[in-house]
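In case it helps, the working numbering puts the sequence shown at residues 3 to 95.
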Amino acid sequence: MVYFSLSMNNILFFIENVIITLIIISVFLYTLRTWSHNEKIIKRYNNMISKDPANITTLNNRCVELASQRKYLHATMCFDKVLEIDSNNAAVL
3 MVYFSLSMNN
13 ILFFIENVII
23 TLIIISVFLY
33 TLRTWSHNEK
43 IIKRYNNMIS
53 KDPANITTLN
63 NRCVELASQR
73 KYLHATMCFD
83 KVLEIDSNNA
93 AVL
């Protein structure tokens, strides 16, 4: 027969692992939720830019959002486009 010891250390170890697992699951779910939200934001900016391609504020906001999502290549290309329209844009420089 196998006997399990229910010492206080074992109980605390179990509780600690459950808490860590719940934290990991929570972070994962939060990441999924924010990723979906971030993609919607980029789509909205793209829609607004398609209607008014010279809107510096919208373009700049899209660039900042891309950078915050760590999409640095896309953000850099976006900032370059802002500078093509307004080469003295202080927000980009």
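C-beta: ideal position from N, C-alpha, C; glycine also.
Since we're looking at a predicted model, the values are computed, not measured.
Helix, strand or coil: how does DSSP classify residue i here?
i	result
valine 94	coil
asparagine 62	helix
aspartate 54	coil
aspartate 82	helix
lysine 42	helix
serine 97	Examination of residue 97 is not possible in this model, given that the chain is present from 3 through 95 alone.
serine 9	coil
arginine 35	helix
Since I believe residue j is in contact with residue i (beta carbons under 8 Å), could you give me their beta-carbon distance rounded to a whole number of angstroms?
i	j	result
isoleucine 2	aspartate 82	With the chain running from 3 to 95 in the structure shown, residue 2 is simply not present.
Taking its Cβ as the centre, do 16 or more other Cβ atoms sit within 10 Å of residue i, making it buried, or is it exposed?
i	result
asparagine 62	buried
threonine 23	exposed
valine 84	buried
threonine 36	exposed
threonine 60	buried
Inset, instruction - Give a yes or no on contact between the region 43-54 and the region 66-82, applying the rule of three or more CB pairs nearer than 8 Å. - result: Three or more beta-carbon pairs separated by less than 8 Å link the region 43-54 to the region 66-82, which places the two stretches in contact.
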